[in-house]
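Written out below as structure tokens is the structure these notes cover.
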Amino acid sequence: MADTVADVHQHEAHGHGDHHHDQSWLEKYVFSTDHKIIGMQYMFTGMFMAVIGGYMAYVFRMQLAFPGISVPGFGQVSPGEYNALITNHGTIMIFWVAMPVLIAAFGNFLIPLMIGADDMVFPRINRLSFQIFFLSSIVLLVSLFVEGGGFGGAWTSYPPLSANGDYNQTQLGASLWLIAVALEFVAFLLGGINFITTLMNSRAPGMKAYDIPLVCWMIVIASILFMLSVGPLLAGAVMLLFDQTLGTGFYDPARGGDPILWQHLFWFFGHPEVYVVLLPAIGITVEVMATFARKKIFGYKMVLYTAVATGVLSFFVWAHHQFIAGIDPRMANVFTITTLLISVPIAEMLFVMIATLYGGSIRLTTPMLWALAFMAEFLIGGVTGIFLGASGADIYFHDTYFVLAHFHYTFFPIAIIGSFCAFTYWFPKMFGKMMNDTLGKIHFWGTVIPFNFIFIPLFVLGMGGQHRRIYNFQHFPQIAGPEYFQLREIATIALLVMLAFQLVFFYNIIMSWMRGEKAGKNPWKANTLEWTTESPAPHGNWPVDELPTVYRGPYEYGHPDREEDYWPQNLPG
Amino acid sequence: MAHARPIATTRSATGIPTPRLAIWWIVASEVVIFGGLLGVYLMHRIGHPEWAEAASHTQTWLGAINTFVLLTSSFTAVLAHQAAEKGKGKEAAKLLGFTILGAMMFLMIKSYEWYGEIAAGYTITANTFWSFYYTAAGLHALHVIAGAIIMGFIAVDAYRGRELHRVEIIGIYWHFVDVVWIFLFPLLYIAK
Amino acid sequence: MSENNDGHDDGHHVNYRGIYIALLILFLISVAGPEIGERMGLPWLTLVTAFGIAIVKARLVINNFMHLAWEKRIMKWVLATSVILMFLMVAGVSPDVMNHEGNNWENLAAKEAVQRGLAEAAGYSNEEGEAAEEAEVVVAAGFSAATSYGQICATCHGAEGAGDGIAGAGLDPAPANFTDLAFWNDPIRTDNVRERVLTVIRDGGPAIGASALMAPWGALYTDDQLEEMVDFVLSFRPNP
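Protein chains in written order, with the working numbering: chain A, 758 to 1330; chain B, -8 to 183; chain C, -18 to 221.
Written out as structure tokens, the structure reads:
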């Protein structure tokens, strides 16, 4: 196992720098322990899964807007296939796109670079984490093609539907789905512990707690949230697996179990999970805003404390997903209050962003556009959440497209806009080339405008009483009128437009990678440590005797005593 | 040193060595896994007084012997840590060997116990009490197996005088497995 | 590597042998206490000796064997947080799972499972009767086949049994239309119709090879009630 970083350092230090060229392609890119390569592996696996998830959305949106047509590239959608498509669209987009890209990919790529370390503290556990994740993606994809088809019990997988093969008719698909999700959790537990220990222990000399860039804080807080919330669900998943395969009765009330229990265990994890992906996205946005507003973040500590407060509060809100599930009505009051409370810290973070922008010299580059879009779109998602958090209103809205639109107005900014923001911002560091700004902006507008055209009609449909999880609306005369179908068609066509514009993005990546102009060390004139090394950074990040030392916080832009408007963290004096 | 490590590994901004820091986080994540399962079991148990009948068929004496075995193996694990701290790799390896022996005894007694129960018709599907019994004890047994295997590797290294700090790390994990059993024993066997 | 030594804030010279002996003594008490408690009918003694001592033992192991007592404060906080979260989870979940009734809800299936279990247990000790009767009472209270049909079956099969219930509109295959003669002439239910209908209501559609979208309802009703339901469904059957 001669592929660890210090080996390379030692060889270089002793003038045997050529030794590491012996690494074969496989060792360097597939079985690498380099945190940047592992980050890329997560990123590209996530992108690949995003394409599959997007394809699924395309198929079932076509079925919903034009029921019964033969969807180009898929064929006719049967009810069972429809259920499998929506279930796996949700599962993939959350567990195989948002989590790996926002936390695992950027966490891996950014944390060691931003805290001035040469790698993660456990590079081989890091590699194992990706390998388990990769295995879980394969298991999930396989589950779509087994006998009976993919699991169709929704991404929340409520029993008894998910627990009994007689009900869901996808005995094998359901079990494989569950195993894939459990494996994925194990991968992120390993990765998360690595992030936490790396940030706690391996910071560059001189880097104090408040000198850590916010995005690193956010990813680590998110990892802690994930780690503390996922345990009961892992135990619950084992129980559900036994219900499915051995025929136990953990979730069967007639045999002494309780189906509501799964909902509690799922959402005890599931709600913190929302903040697990939200916090890194906020961290990324804040980072990008400070750089392109050329201004110190307004209230670094406030963002950090509110993130912690959000994390704590997020453990007290889970049952707002179950207001009409038959939970104890007395609990509903408690959870309404906590749910409305949690909007306070999030609003505070948005105000910090606005205050950061105020009076800054803003440069509207592609990453900055994404960051601003995140703010605007997430705001709509957050505000509509207030309706759903109040148990009285939720009784009407529950399980309608209003919920669905609200959910996508939060998750799309988080998972898609946040990821694009980070990807375009750190692309120069990842590949050493600048991304084409014009193509980037075309892609930006081509994504954000259709996004609103997809989901605003769905808000209206939801208010009109359109239930989720319905395969063909023609069966329901009350919501099958032409005015309803026109709204559905608008949403579907907007989706087609948005998907088409993603081609621009992929074209842009490939062209910029091959022909883009060289980026240099610090193209954005930013302060944080990752911009002090080569682009792309070598294995080991910095030459071993040049590992940075930190002298100040990460956001010292426009300091009055300096001629330059930025002040890198590693400059003495 | 067999494998050179990244410089990141040798830094310690918190003052806690990185491996120990990591094992504490792993223990915290295990606390919520077992805590979730045991919490769920507890509320079902209180809500279902009829399980007392099923619980009266567990074999308390075998559970008690297993508690004794695990406590003793924890004791040898901490003695191994003490030996490793003094740099006595061979003694640490020997004591870890005793701990692994304890783990094997635990698993053998467990298999004997389960064999008897399954033969008597108390299978995992017999009743939800038994489902919890096998799931909780099985999850714990998996941790015992994993711990024993890892301990084997560490004992071999320790015998050659290498990576002695790992003796403490596996010890912390092992004591945690012991603590889980300390709670499982009264929950599953004693409370009738 | 230097971390072998520098991290150890040494100086915790624990008397491991002493701790071990203390653990063994506590262990003996935790086994003996409940035995005595059971014989003398003192449930609190069982609770204190079983769980109180488990906490003391765990504390001894965590503090002295795992050396948490000498660890930095932050790790104590982390572990305490994870334990506190579990109490939070139990507090939030137990009102639903542990209780079987609240202000305006009750979990009939769970109550029935408890009664049935108690009746069985009583059966082992030859005290059957009482609990079993109670179980009957819980379920039988206010049962009427027509009401149950309206609450459960009609959502798919329609109030008049024509298979036109709201929730059934999107199902494929469509819910059975009891007013359609073709349904009753289907080969899977021609002979012994009564038995077949009962099986489907009790065990779900797949039990006779019909659609699995018909769920089993046997857990909700007693055998007599199921018979009444069958009568009610058969009343939709048109005369040939």
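Glycine included, each C-beta is placed from N, C-alpha and C at the ideal position.
ask   = Is the Cβ-Cβ distance between P970 of chain A and M871 of chain A less than 7 Å?
value = In contact: P970 of chain A and M871 of chain A (Cβ atoms closer than 7 Å).
request  = Evaluate D77 of chain C with the Cβ neighbour count: other Cβ atoms within 10 Å of its Cβ, from every protein chain shown; 16 or more gives buried, anything less gives exposed.
outcome  = Sixteen is the threshold: when 16 or more other Cβ atoms of the shown chains lie within 10 Å of the Cβ of D77 of chain C, as they do, the residue is buried.
query = So which residues on chain E does L66 of chain C lean against when the C-beta distance must stay under 7 Å?
reply = Note that chain E does not occur in the displayed structure, where the protein chains are A, B and C.
key: Three-state secondary structure (DSSP) of H1296 of chain A   = Coil.
ask   = Hey, how far is the Cα of S11 of chain C from the Cα of F59 of chain B?
value = 12 Å
key: Segment limits, alpha helix (DSSP H) that includes W912 of chain A   = Run containing W912 of chain A: none; DSSP gives neither H nor E here.
inquiry  = Using 7 Å as the threshold, is the C-beta distance between P1124 of chain A and V1045 of chain A below it?
reply    = yes
ask   = Skipping 5 residues on each side, what residues in its chain have a beta carbon closer than 6 Å to that of Y1228 of chain A?
value = So the qualifying residues of the chain are P836 and Y839.
Expected contact under 8 Å - CB spacing of V878 of chain A and A807 of chain A to nearest Å = Contact flag wrong, Cβ pair sits at about 29 Å.
inquiry  = For V23 of chain B, would you say it is in contact with chain A, using Cβ-to-Cβ distances shorter than 7 Å as the test?
reply    = yes
ask   = Span of the alpha helix (DSSP H) holding S894 of chain A?
value = P880 to S900
request  = Establish whether the CB of G144 of chain C and some CB of chain A are separated by less than 7 Å.
outcome  = no
ask   = Can you check whether the CB of L1256 of chain A is closer than 7 Å to the CB of G825 of chain A?
value = Cβ distance not < 7 Å, so G825 of chain A and L1256 of chain A don't count as in contact.
ask   = Using 8 Å as the Cβ pair cut-off and three pairs as the minimum, do the region 1294 to 1302 of chain A and the region 1274 to 1283 of chain A touch?
value = no
task = Have a look at T30 of chain C and E16 of chain C and give me their C-alpha separation to the nearest angstrom.
result = 10 Å
inquiry  = Could you check whether the Cβ of L178 of chain B sits closer than 7 Å to any Cβ belonging to chain A?
reply    = no
key: Min CB distance I950 of chain A to chain C below 7 Å   = no
message = Cutting at 8 Å between CB atoms, please list the residues of its own chain near T954 of chain A, excluding the five before and the five after it.
response = Closer than 8 Å at Cβ, skipping near neighbours: V878 and F879.
ask   = Start and end of the alpha helix (DSSP H) containing V37 of chain C?
value = I34 to L41
request  = Evaluate D212 of chain C with the Cβ neighbour count: other Cβ atoms within 10 Å of its Cβ, from every protein chain shown; 16 or more gives buried, anything less gives exposed.
outcome  = exposed
query = For H134 of chain B, which beta-bridge partners are listed by DSSP?
reply = None; H134 of chain B has no bridge partner.
request  = Output, in chain order, the set of chain B residues within a Cβ distance shorter than 7 Å of Q79 of chain C.
outcome  = Contrary to the premise, residue 79 of chain C reads as Met rather than Gln in this sequence. Correct list: M34, I37 and G38.
ask   = For E16 of chain C, which three-state DSSP category applies?
value = helix
request  = Could you tell me whether any Cβ in chain C is nearer than 7 Å to the Cβ of F1025 of chain A?
outcome  = yes
query = Between the region 847 to 876 of chain A and chain B, which residues of the former have a C-beta closer than 8 Å to a C-beta of the latter?
reply = Going along the region 847 to 876 of chain A in chain order, one finds P869, A874, D875 and D876 with a Cβ nearer than 8 Å to chain B.
query = K1053 of chain A by DSSP, collapsed to three states: which one?
reply = coil
inquiry  = Counting C-beta neighbours from all protein chains within 10 Å, is the total for K1275 of chain A 16 or more, i.e. buried, or is it exposed?
reply    = The residue in question, K1275 of chain A, is exposed, as its Cβ has fewer than 16 Cβ neighbours within 10 Å.
message = Quick check: the Cα distance between N1183 of chain A and R1245 of chain A, rounded to an integer number of angstroms?
response = One point to set straight first is that residue 1183 of chain A is Trp, not Asn, in the sequence displayed. When rounded, the distance between both Cα atoms is 37 Å.
task = Just mark L133 of chain B as buried or exposed, buried being the case when its beta carbon has 16 or more other beta carbons within 10 Å.
result = exposed
key: Those runs of the beta strand (DSSP E) which lie wholly inside the region 1124 to 1194 of chain A and span at least 3 residues   = none
Touch test, the region 973 to 991 of chain A against the region 13 to 21 of chain B, Cβ-Cβ under 8 Å, three pairs minimum = yes
inquiry  = Distance check for L1036 of chain A and M975 of chain A, CA to CA, integer angstroms please.
reply    = 5 Å
task = Within its chain, find whatever has a CB closer than 8 Å to the CB of H131 of chain B; leave out the 5 residues flanking it on each side and keep chain order.
result = F25, V168, V171, W172 and L175
Supposed contact pair T1289 of chain A and P1325 of chain A - C-beta distance, whole angstroms, cut 8 Å = 6 Å
Test item: CB-CB of S900 of chain A and G930 of chain A under 7 Å = yes
query = Between S1148 of chain A and the rest of its own chain, which residues show a CB-CB distance below 6 Å, the 5 nearest in sequence each way excluded?
reply = When the five nearest sequence neighbours on each side are left out, the beta carbons in the same chain lying within less than 6 Å of the beta carbon of S1148 of chain A are those of F1080, A1089 and T1093, in order along the chain.
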